[in-house]
Structure formats: C-alpha cells, structure tokens
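Asker: Have a look at the structure that comes next, please.
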Amino acid sequence: MCVAIPMRVIEINGNEAVCEYEGIKRTAKIDLLPEIKVGDYVLIHVGFVIQRIDIDSALETLDLYKQMQEMV
Amino acid sequence: MNQNNYIYSQFKDRKNVGIEAEKIHKLAKKIDKKVCIMEVCGTHTMQIAKYGIRKMMPENIKLVSGPGCPVCVTPQEYVDKAIYILKNYDVVMATFGDLYRVPGTESSLEKEKVSGKDVRIVYSPYENLEVAKNVNKPVVFLSIGFETTMPAVACVVKETKKRNIKNLFFFIGNKFFLPALETLILYSRNFLSSFIKTNGSVGGFILPGHLSVIVGEKSYSWIVERYNLNGVITGFEPLDIVRGIRMLLETIVCPQPQIQNEYTRVVSYEGNKYAKEIISEIFEPTGGNWRGLGFVADSNAKLKKEYEMFDAEKIFNIPNIVAKNVDNTKCKCNDVLIGKITPFECPLFGKVCTPENPVGACMVSSEGSCAAYYKYER
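Line order of the protein sequences matches chains C and V.
Be aware that the first sequence starts at 52, since it is given in the working numbering, and climbs by one per residue.
Be aware that the second sequence starts at 35, since it is given in the working numbering, and climbs by one per residue.
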C-alpha cells in the first residue's frame with residue numbers, strides 16, 4: 052500500500068505538478084514538497100509528491116557496482 | 035534512456051544482485067548460527083517473493099515476513115463498522131482499492147457494491163473532494179494507511195475545511211507504524227524461545243523505505259538503544275533488498291547494532307518535514323487494535339478537535355461492533371502477521387483460502403504475506 056512511483060516533473064501549475072514516466076503522464080499535488088522544480092525526479096504516493104529522488108546518490112551507488120562488475 | 039529508467043533498470047540488474055548475493059553467502063559463513071531477518075513492509079514481502087530472494091539466501095539466513103501492510107492489520111471491526119454505515123445511511127463510500135475485497139464478519143465492500151450500494155474506489159484521497167462536490171449526499175472516505183499515506187489524507191482534511199465542504203467525512207483507520215514495531219519486538223519475545231529453534235535469533239529488520247521517506251532515519255534509533263537490534267532502511271528494487279540484507283549481516287558479524295540507510299536516494303535523516311508537520315496538525319495518536327498484535331497504545335490516528343466535524347465516527351451513530359474473532363476459525367492471519375508462522379503453516383492456505391476466495395486479510399491484500407507466498411513461492 053505504500054507503493055510510490057518514480058516520475059519526472061515536466062510542468063508545475065500552482066500546487067499541482069504534471070509528471071511523466073515512460074510516456075505516462077499524471078498530475079500530483081505538491082503540498083508535501085512545495086520546493087520541487089521542473090526536471091526533478093520525484094516519488095509519488097496516492098497522488099502526492101512525497102520526495103525528490105537524489106539521482107546523484109543513486110548513480111554513485113551504481114558506479115560502485117559497475118566497478119565491481121569490471122573486476123569480476 | 036533517461037536517468038530514471040537507467041537507475042531503475044540497474045537496480046534490477048541480475049549481475050548487480052549476484053554480486054551482493056555472493057557477499058551474503060561469504061558473510062553467512064562467518065556467522066555460526068541461524069539468523070532471522072524480518073521485513074515489516076508489504077511491498078518488501080511482495081518483492082522478496084517475486085524475485086526469489088528468499089531462495090537466494092544461505093541456509094542459515096532466514097527471511098521472515100512481519101505485519102507489513104495497512105490492509106492486513108486493519109481489524110475486522112473497522113470493515114464491519116464501514117458496512118454498518120453503508121447499510122444504515124444513504125451515503126457514497128469511497129475507499130482505496132486495497133480494502134475493497136477485505137471480508138468483514140458478514141459482508142465486504144465488494145458484496146455491498148454488488149447489492150447496489152454506492153461504493154467507489156479512489157486512487158488518491160484528493161479525489162474525494164470532487165466526489166463530494168458532485169453528489170447531494172454524504173461521502174465517507176475509508177482512510178487507512180501508515181505514516182506514508184497519512185500526510186496526503188491530512189492535506190485533504192485541511193482542504194475540506196478550507197473549501198467549507200459540508201458533506202465529506204473521514205472514517206479514520208490510519209495507524210502509526212512505529213509504536214506497533216516496538217510492540218512486535220516485545221511480543222516476539224513471548225514466542226522467541228520456540229522461534230529461535232526453528233528460525234535462529236532475530237538479527238534485525240528490513241525497515242520500510244517509503245514510510246521512512248516521511249519519518250526519516252532518526253525515528254529508528256530506539257531499536258538499537260532499547261533492544262540492541264539492527265535495522266536497515268531499504269528500497270524496493272531487488273538490488274536494494276539484497277544490499278540491505280548484506281548491510282544487516284555486516285553489522286551482525288561485527289557485531290555492532292545500528293540503523294543503516296540503504297535507500298539514500300530518497301530517505302533522509304530528518305524525513306519530510308512538511309509531511310510530518312501536517313500529520314501533527316491534523317491527527318493525534320490514540321490507542322487501538324491491530325490484527326495480529328491486538329491493542330497498541332498511541333498507534334491509531336484520530337482527527338484533532340478542530341477537525342472532528344469531519345470525523346465519520348462523530349457524525350454517524352455507529353454501535354460498538356465487536357467482530358467475531360477470526361481466531362475462532364482456522365484462519366491463522368494473526369500468527370502470520372507477526373512472523374510466528376509462515377503462510378504454509380496455516381491449514382487453510384492454498385486449500386480453502388486462495389486469492390479468488392480469500393478467508394483472511396493476508397490473502398486478500400495484494401501485498402499480504404499469504405498472497406505473496408501463494409503467487410510466487412508455492
């Protein structure tokens with residue numbers, strides 16, 4: 052039930068953001084994270100943006116695996 | 035491929051998962067006892083089953099499912115009360131799809147819908163504002179969900195007041211997960227002696243990723259301070275889960291109990307401050323029942339006095355329904371929910387109780403332990 056979908060913000064109108072993931076568009080309320088900007092990757096839960104995804108942190112983690120795969 | 039798709043595909047990558055699985059096997063050899071790791075979130079339960087992570091584990095590492103999903107822990111009397119409102123008042127009842135098929139003592143929302151009652155499934159609590167605007171009768175929203183979902187509901191309660199909407203009411207079944215986690219730890223001590231024999235000592239918890247987005251890493255320090263147990267806040271992709279398990283095993287090998295955060299791409303130390311603020315602006319904690327755990331102090335949410343005009347329990351005259359306890363039947367949901375038994379040990383599992391014909395909440399809910407085991411692990 053606590054499923055949250057990662058999407059990218061493509062437009063912000065008032066307290067609503069238009070978000071996109073693999074061609075699917077959804078609007079979500081931004082009351083719980085008013086400072087988000089167009090271009091941010093966000094997590095959406097029951098129609099509300101609940102968090103910004105720290106892409107750099109994820110890429111850093113994945114870089115480690117890339118290195119480990121190369122070592123194998 | 036955009037960055038989002040790249041990240042999510044890499045967090046599902048078999049080779050990456052394999053690297054962690056290998057590390058887990060090496061670490062397990064250094065631990066000369068059985069270790070039990072409990073996940074307490076339904077989405078983890080589902081993903082562990084779906085990606086075969088339980089079978090990936092070394093023999094001495096056992097993954098056990100706890101009371102993961104808000105649907106499963108919602109007591110039967112909540113459903114009975116909702117059905118009472120539906121039968122005795124002319125209302126529109128709005129619910130998340132997850133609750134739609136959960137059986138009450140004598141009926142379910144689905145059955146009531148079939149018999150002609152106005153039951154509507156909403157994806158977001160925000161939709162209730164539209165529903166209320168378009169009908170000339172009371173709308174009752176069945177509000178369930180943990181700290182993850184509560185802020186969204188709180189926003190809608192606030193908006194209902196701001197827009198001066200007179201016909202939208204909230205039947206609050208929301209629960210605070212953290213007090214229940216502590217009860218679970220205490221409770222597990224009661225059956226721990228027999229439990230350890232089969233499962234090994236409880237090594238730690240895979241902590242819920244999206245609930246932690248709201249409450250933050252700092253909310254879990256008591257697990258170490260009071261109980262000397264480990265926990266890892268973990269994401270939901272296969273790589274997240276095996277990474278989380280590996281991080282737990284490292285603290286067990288050390289041994290240095292601590293709370294770690296695997297899901298750093300979305301979980302911060304403080305959590306979401308806007309979400310936490312609106313929870314405490316709209317809700318206050320009170321005691322209440324959990325399926326499986328029984329009464330847990332300060333674990334249920336109720337609307338604060340300033341918002342009680344929207345509280346369905348204050349508006350509708352609902353008798354104090356005591357559900358016929360599922361304990362009376364052979365359904366073992368209560369034991370499954372606390373990890374005391376696996377779904378396979380329930381006599382009804384897969385025979386009488388199936389997803390098409392569920393007896394207990396753990397089979398109805400798409401994220402229930404029984405549903406997960408039935409779908410992926412038989």
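Glycine residues also receive a C-beta, built at the ideal position from the N, C-alpha and C atoms.
(1) Let me see if you follow: with CB-CB separation under 7 Å, is Leu115(C) close to chain V or not?
(2) Count the other C-beta atoms from every protein chain shown that fall within 10 angstroms of the C-beta of Asp66(V), then say buried if there are 16 or more, exposed otherwise.
(3) Is the segment 111 to 121 of chain V close to the segment 249 to 259 of chain V, with three or more CB pairs under 8 Å?
(4) Could you check the C-alpha separation between Phe383(V) and Lys195(V) for me, to the nearest Å?
(5) Quick one: is Val299(V) near chain C, going by C-beta distance under 7 Å?
(6) Give me the chain V residues within the contact set of Ala109(C), using Cβ-Cβ distance strictly less than 7 Å, ordered along the chain.
(7) Could you tell me if Asn362(V) is buried or exposed, where buried requires 16 or more neighbouring beta carbons within 10 angstroms of its beta carbon?
(8) Where DSSP assigns a beta bridge to His96(C), which residues make up the other side?
(9) List the endpoints of the continuous beta strand (DSSP E) containing Cys70(C).
(10) Restricting to runs no shorter than 3 residues, where is the beta strand (DSSP E) found entirely within the segment 251 to 310 of chain V?
(11) I need the boundaries of the beta strand (DSSP E) containing Asp369(V), first residue and last residue.
(12) Quick check on DSSP: helix, strand or coil for Asn391(V)?
(13) Can you list, in chain order, the residues of its chain whose CB lies under 7 Å from that of Ile106(C), leaving out five sequence neighbours each side?
(14) Could you pull out every residue in the same chain whose Cβ sits closer than 6 Å to the Cβ of Ser246(V), ignoring the five residues on either side in sequence?
(15) Closer than 7 Å, CB to CB, is Ser158(V) near chain C or not?
(16) Tell whether a beta-carbon distance below 7 Å holds between Phe180(V) and Lys209(V).
(17) Check each candidate in Tyr303(V), Cys365(V), Leu337(V) and name the one with the smallest Cα separation from Pro319(V).
(18) Would you say Pro213(V) faces chain C, with C-beta separation under 7 Å as the test?
(19) Please state the DSSP three-state secondary structure of Ile61(C).
(20) Leaving out the 5 sequence neighbours to the left and right, which residues in its chain are closer than 6 Å to Ile349(V) when beta-carbon positions are compared?
(21) If you reduce the DSSP assignment to three classes, tell me which class Asp82(C) lands in.
(22) Cβ closer than 9 Å: which chain C residues qualify as neighbours of Pro242(V)?
(23) What is the C-beta distance between Tyr157(V) and Gly74(C), in whole angstroms, given that I count them as a contact (C-beta under 8 Å)?
(24) Ends of the beta strand (DSSP E) at Ser177(V)?
(25) Please return the same chain residues whose Cβ sits closer than 7 Å to the Cβ of Tyr303(V), not counting the five positions on each side in sequence.
(26) At least one CB of chain V closer than 7 Å to the CB of Val97(C): is that the case?
(27) In chain V, what lies closer than 8 Å to Glu73(C) by C-beta?
(28) Taking Ile199(V) as the reference, which of Lys115(V), Glu347(V), Asn168(V) has the closest Cα?
(29) Apart from the five residues just before and just after Lys171(V), which ones in its own chain have a Cβ nearer than 8 Å to its Cβ?
(30) Give me the Cβ distance between Asn264(V) and Gly238(V), rounded to the nearest whole Å; I'm assuming they're in contact under 8 Å.
(31) Count the C-beta pairs between the segment 390 to 404 of chain V and the segment 93 to 104 of chain V that are closer than 8 Å, then say yes if the count reaches three, no if not.
(32) Give the DSSP bridge partners of Asn323(V), in chain order.
(33) Given a threshold of 16 other Cβ atoms within 10 Å of its Cβ, counted over all protein chains shown, does Phe175(V) qualify as buried or as exposed?
(34) Between Glu193(V), Tyr261(V), Pro185(V), which has its C-alpha nearest Glu216(V)'s C-alpha?
(35) Tell me the rounded alpha-carbon separation between Tyr221(V) and Lys96(V).
(36) Return the residue from the list Cys75(V), Tyr308(V), Ser142(V), Glu193(V) that minimises the CA-CA distance to Leu371(V).
Answerer: Inspection of the coordinates gives the following:
(1) Walking along the first sequence from the start, residue 115(C) turns up at place 64. False, the Cβ-Cβ gap to chain V never drops below 7 Å.
(2) Locating residue 66(V) in the second sequence gives position 32, counting from the first residue. With fewer than 16 other Cβ atoms inside 10 Å of its own Cβ, Asp66(V) counts as exposed.
(3) Verdict: no, contact absent.
(4) Working through the second sequence from its first residue, we reach residue 383(V) at position 349. Working through the second sequence from its first residue, we reach residue 195(V) at position 161. The straight-line gap from Cα to Cα measures roughly 45 Å.
(5) As a first step, residue 299(V) must be located in the second sequence, where it is residue number 265. Checking the displayed sequence, the identity of residue 299(V) turns out to be Arg instead of Val. Judged by the 7 Å Cβ criterion, Arg299(V) is in contact with chain C.
(6) Mapped onto the first sequence, residue 109(C) falls at position 58. Within chain V, the residues near Ala109(C) are Ile41, Arg299.
(7) Along the second sequence, read from residue 1 onward, the residue named residue 362(V) stands at position 328. Caution is warranted here: a pLDDT of 48 is assigned to Asn362(V), below 50, making its placement in the model unreliable, and no coordinate value can be reported.
(8) Numbered from 1 along the first sequence, position 45 holds the residue referred to as residue 96(C). DSSP lists Phe99(C) as partners of His96(C).
(9) Here residue 70(C) is taken as the residue at index 19 of the first sequence, counted from 1. That run of the beta strand (DSSP E) goes 67 to 72.
(10) Listed in chain order, they are 264 to 268, 293 to 295.
(11) By 1-based counting over the second sequence, the position of residue 369(V) is 335. Careful: Asp369(V) lies outside any beta strand (DSSP E), inside the alpha helix (DSSP H) at 367 to 371.
(12) For the purposes of this step, residue 391(V) is taken as the residue at position 357 of the second sequence. It is coil, neither helix nor strand.
(13) By one-based count along the first sequence, residue 106(C) stands at place 55. Hits under 7 Å: Tyr92.
(14) Residue 246(V) sits at position 212 when you count from the first residue of the second sequence. Cβ-Cβ distances below 6 Å link Ser246(V) to Ile267, Val301 in the same chain, with the five nearest sequence neighbours on each side left out; the list follows chain order.
(15) Position 124 of the second sequence, counted from the first residue, corresponds to residue 158(V). Yes, Ser158(V) counts as interfacial toward chain C.
(16) Taking the first residue of the second sequence as 1, we reach residue 180(V) at position 146. Taking the first residue of the second sequence as 1, we reach residue 209(V) at position 175. Lys209(V) is positioned such that its CB atom lies closer than 7 Å to that of Phe180(V).
(17) Against the second sequence, residue 319(V) aligns to sequence position 285. Here the closest residue by C-alpha is Leu337(V).
(18) On the second sequence, position 179 is the one that residue 213(V) refers to. Chain C contact via Cβ: absent.
(19) Here residue 61(C) corresponds to residue number 10 of the first sequence, with the count starting at 1. If DSSP states are grouped into helix, strand and coil, Ile61(C) belongs with the strands.
(20) By 1-based counting over the second sequence, the position of residue 349(V) is 315. In its chain, beyond the 5 residues on either side, Phe203 have a beta carbon closer than 6 Å to the beta carbon of Ile349(V).
(21) Counting from 1 along the first sequence, the entry for residue 82(C) is found at position 31. Coil, per DSSP.
(22) Within the second sequence, the letter at position 208 stands for residue 242(V). What Pro242(V) touches in chain C: Cys53.
(23) Taking the first residue of the second sequence as position 1, residue 157(V) is located at position 123. Taking the first residue of the first sequence as position 1, residue 74(C) is located at position 23. Contact between Tyr157(V) and Gly74(C) fails: their C-beta atoms lie close to 19 Å from each other, not under 8 Å.
(24) Against the second sequence, residue 177(V) aligns to sequence position 143. Looking at the DSSP string, the run of the beta strand (DSSP E) that includes Ser177(V) is 173 to 177.
(25) Translated into positions along the second sequence, residue 303(V) becomes position 269. Excluding residues within five positions, the ones whose Cβ falls inside 7 Å are Gly250, Glu251, Lys252.
(26) Taking the first sequence and counting its residues from 1, one reaches residue 97(C) at position 46. Cβ-Cβ to chain V under 7 Å: yes for Val97(C).
(27) Taking the first sequence and counting its residues from 1, one reaches residue 73(C) at position 22. Near Glu73(C) (Cβ distances below 8 Å), the residues of chain V are Asn39.
(28) As a position in the second sequence, residue 199(V) is number 165, starting the count at 1. The residue from Lys115(V), Glu347(V), Asn168(V) with its alpha-carbon nearest to that of Ile199(V) is Asn168(V).
(29) Your numbering for residue 171(V) matches position 137 in the second sequence. Here the set comprises Asp124, Val125, Val126, Asn201.
(30) On the second sequence, position 230 is the one that residue 264(V) refers to. On the second sequence, position 204 is the one that residue 238(V) refers to. Asn264(V) to Gly238(V), Cβ: 3 Å. Contact.
(31) With three or more CB-CB distances shorter than 8 Å, the segment 390 to 404 of chain V counts as touching the segment 93 to 104 of chain V.
(32) As a position in the second sequence, residue 323(V) is number 289, starting the count at 1. Looking at the DSSP output, Asn323(V) sits in a beta bridge with Phe329(V).
(33) Position 141 of the second sequence holds residue 175(V). Phe175(V) is classed as buried because its beta carbon has at least 16 other beta carbons within 10 Å across all chains shown.
(34) Working through the second sequence from its first residue, we reach residue 216(V) at position 182. When each option's Cα is compared against that of Glu216(V), the closest is Tyr261(V).
(35) By one-based count along the second sequence, residue 221(V) stands at place 187. By one-based count along the second sequence, residue 96(V) stands at place 62. Per the coordinates, the alpha-carbon of Tyr221(V) lies some 19 Å from the alpha-carbon of Lys96(V).
(36) Sequence index remark: in the second sequence, residue 371(V) carries index 337 (1-based). Checking every option, the nearest Cα to that of Leu371(V) belongs to Cys75(V).
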